[in-house]
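**Q**
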Amino acid sequence: MSTSPMSLSRFMLEEERKHPKAVGDFTLILEQIAFAAKIISREVNKAGLVSILGAASTHNIHGETQQKLDLFSNEEMIKALDPTGKVCAMASEEMDDMVPVSDKNLEGRYAVVFDPLDGSSNIDVNVSIGTIFGIYKRANDNDCLKSLLQKGKELVCAGYVIYGSSTMFVYTTGNGVNGFTLDPSVGEFLLSHPNIKIPEYGKIYSINESNYDRWTKGIQEYVKFIKNHPDRQYTARWIGSLVADFHRNLLKGGVFLYPEDTKNTKGKLRLLYEANPMSFIVEQAGGMSTNGRERILDIQPTSLHEKTPLILGSKYEVELYLQYREKYG
Ligand code: AHG
Ligand code: MN
Ligand code: MN
385 MSTSPMSLSR
395 FMLEEERKHP
405 KAVGDFTLIL
415 EQIAFAAKII
425 SREVNKAGLV
435 SILGAASTHN
445 IHGETQQKLD
455 LFSNEEMIKA
465 LDPTGKVCAM
475 ASEEMDDMVP
485 VSDKNLEGRY
495 AVVFDPLDGS
505 SNIDVNVSIG
515 TIFGIYKRAN
525 DNDCLKSLLQ
535 KGKELVCAGY
545 VIYGSSTMFV
555 YTTGNGVNGF
565 TLDPSVGEFL
575 LSHPNIKIPE
585 YGKIYSINES
595 NYDRWTKGIQ
605 EYVKFIKNHP
615 DRQYTARWIG
625 SLVADFHRNL
635 LKGGVFLYPE
645 DTKNTKGKLR
655 LLYEANPMSF
665 IVEQAGGMST
675 NGRERILDIQ
685 PTSLHEKTPL
695 ILGSKYEVEL
705 YLQYREKYG
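If you want the working numbering, it's the 1-based position in the sequence shown plus 384.
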């Protein structure tokens, strides 16, 4: 008799059982994020139909104003997490300040950061987008902001959802990376990519090359070298959604770079919502992540929306970048 596929819910419960002291708070939070992901996935899949399905007015059938998908996703994440009562603090890329939480969360033992919809410039053109999240244990005092401004290495969980040709939920709790694919016929994420490991080197480099003239010499020389690599033929891939570019490189190997340049002097990506969760995942998969000077997960955040240069992927390509950075700056 063949066994039934491993659902995300069962997987989480089995993980929880490995921690005899666990009381289920963490699993509940993760379940709720997966639930929000399904709702967002449904909406993303309908996005192209909006103009056909009579959204000429700005109201939907419930009389509610139609929202942009990124704001919708933001609300779904909050609507999923707040009722748990387990989240003392939340921060979203879509909101300037901390997300206000209801009183029942005040004793919550976790803090959650998220980019509700990553790659938003791709929404209108039917290209893969995603959701990124990170979960921290509450810091040891009553300062909620402190719980959110912890170093990436303090994450207890990080993950992303990719809304692509299928919807996938990929996450780690610091014990390997696992990927689950949504089976729409049963409405469940099913384990499809157990124990993901990034190849030690790859053939893909992902960088927005239109910034070339604004790059530092180190990045320019690095990309030149990669293009004429003596041992390997590299190829360039740039989707413009971090989740999608990262996901491809995680499975196939290679490097993703959004370095600083003369216009974006600190890079473009956000430390809390993008760089830290992806760095935690890539390290768990055997890869590396850096801002060029230090490991991303060692950076002490000082504000919710700070940006960072981000270079992450297979070990070989990231280490090579560090050599070029060292040599040329
Ligand atoms: P977001 O849609 O959450 O604002 O993030 C967009 C980010 C990231 O997903 C992507 O890698 C990068 O912006 C693309 O930047 P360029 O448009 O400069 O290539
Ligand atoms: Mn983003
Ligand atoms: Mn976003």
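Glycine included, C-beta positions come from ideal geometry on N, C-alpha and C.
Hey, would you say the C-beta of L626 is under 6 Å away from at least one heavy atom of ligand 3?
**A** Within the sequence shown, residue 626 is the residue found at index 242, counting from 1. Result no, Cβ not under 6 Å from ligand 3.
**Q** With a threshold of 16 other CB atoms inside 10 Å of the CB of G438, please say whether the residue is buried or exposed.
**A** Numbered from its first residue, the sequence shown carries residue 438 at position 54. Confidence is the limiting factor: at G438 the pLDDT is only 46, short of 50, which leaves the residue's position unreliable and the question unanswerable from this model.
**Q** Name the two residues that bound the continuous beta strand (DSSP E) containing T551.
**A** One-based indexing of the sequence shown puts residue 551 at position 167. T551 -> beta strand (DSSP E) spans T551 to T556.
**Q** Short check: CB of E605 to CB of Y712, under 7 Å?
**A** Residue numbering aside, residue 605 sits at position 221 when the sequence shown is read from its first letter. Residue numbering aside, residue 712 sits at position 328 when the sequence shown is read from its first letter. Against a cut-off of 7 Å, the Cβ pair of Y712 and E605 comes out as a contact.
**Q** Going along the chain, which unbroken runs of the beta strand (DSSP E) with 3 or more residues stay wholly within the stretch 478–546?
**A** Runs found: 494–502 and 513–521.
**Q** To the nearest angstrom, how far is the alpha carbon of A495 from that of N559?
**A** Residue mapping note: residue 495 aligns to position 111 of the sequence shown, counting from 1. Residue mapping note: residue 559 aligns to position 175 of the sequence shown, counting from 1. The straight-line gap from Cα to Cα measures roughly 20 Å.
**Q** Per DSSP, L455 forms a beta bridge with which residues?
**A** Taking the sequence shown and counting its residues from 1, the one referred to as residue 455 is at position 71. According to DSSP, which records beta bridges pairwise, L455 is partnered with nothing at all.
**Q** Just to confirm the assignment, what range does the alpha helix (DSSP H) spanning H613 have?
**A** As a position in the sequence shown, residue 613 is number 229, starting the count at 1. Neither: H613 is in no alpha helix (DSSP H) and is coded neither H nor E.
**Q** Over the uninterrupted alpha helix (DSSP H) stretch that includes A421, give me the two end residues.
**A** Along the sequence shown, read from residue 1 onward, the residue named residue 421 stands at position 37. Unbroken alpha helix (DSSP H) run through A421: D409 to K430.
**Q** Between the beta-carbon of D499 and the beta-carbon of E690, is there less than 7 Å?
**A** Start at 1 with the first residue of the sequence shown, and residue 499 comes out as number 115. Start at 1 with the first residue of the sequence shown, and residue 690 comes out as number 306. Not in contact: D499 and E690 (Cβ atoms no closer than 7 Å).
**Q** Examine the Cβ distances between the stretch 593–604 and the stretch 516–526 and report whether three or more of them are shorter than 8 Å.
**A** Because the criterion of three Cβ pairs below 8 Å is not met, the stretch 593–604 and the stretch 516–526 do not touch.
**Q** In the stretch 567–655, which residue ranges form an unbroken beta strand (DSSP E) of at least 3 residues, counting only runs that do not cross its ends?
**A** List check, beta strand (DSSP E) in window: 572–577, 588–590 and 638–642.
**Q** Would you kindly work out how many angstroms separate the C-alpha atoms of E491 and C472, rounded to a whole number?
**A** Along the sequence shown, one-based indexing puts residue 491 at 107. Along the sequence shown, one-based indexing puts residue 472 at 88. Between E491 and C472, the C-alpha separation is close to 6 Å.
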